[in-house]
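Numbering (our numbering), first residue to last: -10 to 169.
Encoded structure:
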């Protein structure tokens, strides 16, 4: 191989890349989802400008993860039902609660409604990170500040472990420390 001129090796590599490149993928950029096309183009640009395939793969994986997190975060739904006497509202949360959906979670609650109690049913929800736990704290503490009794039901085991470890709404000493 050492005897072969570099120009000949470059020509062979160019022909191999042209032959193995999927030219249809360029036309598919128009029909693919915008996030997939953006990941593909940015990955190629990073590889070309850095001359490092590892950087391109890293950026592509990172972008794909962020797009996926954003997409899953939009699948959160909160439905509510008022009791017959109008004093208790039950909020049913469905979906994944984590850093991309935490604001949506908090915004789904009405803190100004005059109620005696609120029940937050998390049977069909999963809390993934401390941002989600913090949003649950925020909701419960806002209800308590308004004089509304708040109860959380239906936490799955993994979510309950996170809440027990990081939440402050269920630790009176932490709430007192927060208020001072």
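Ideal Cβ positions, reconstructed from N, Cα and C, are used throughout, including at glycine.
Bear in mind that the values here come from a model prediction, so they are computed numbers and not experimental data.
Length of the line joining the Cα atoms of residue i and residue j
i           : j           : result
residue 177 : residue 146 : Residue 177 lies beyond the range of the chain shown here (-10 to 169); nothing can be said about it.
residue 80  : residue 19  : 41 Å
residue 76  : residue 60  : 35 Å
residue 37  : residue 89  : 31 Å
residue 113 : residue 153 : 19 Å
residue 105 : residue 31  : 53 Å
residue 135 : residue 98  : 13 Å
residue 150 : residue 50  : 29 Å
residue 117 : residue -5  : 53 Å
residue 12  : residue 4   : 14 Å
residue 162 : residue 94  : 26 Å
residue 16  : residue 119 : 42 Å
residue -2  : residue -9  : 10 Å
residue 62  : residue 121 : 11 Å
residue 138 : residue 132 : 7 Å
residue 26  : residue 9   : 20 Å
Those residues which DSSP pairs with residue i across a bridge
i           : result
residue 113 : 83
residue 70  : 79
residue 108 : 79 and 140
Residue interval of the alpha helix (DSSP H) (run including residue i)
i           : result
residue 28  : 23 to 39
residue 16  : 13 to 17
residue 123 : 119 to 134
residue 146 : 146 to 155
DSSP state of residue i mapped onto helix, strand, coil
i           : result
residue -2  : helix
residue 92  : helix
residue 56  : helix
residue 4   : helix
residue 97  : coil
residue 161 : helix
residue -9  : coil
residue 230 : Residue 230 lies beyond the range of the chain shown here (-10 to 169); nothing can be said about it.
residue 51  : helix
residue 42  : helix
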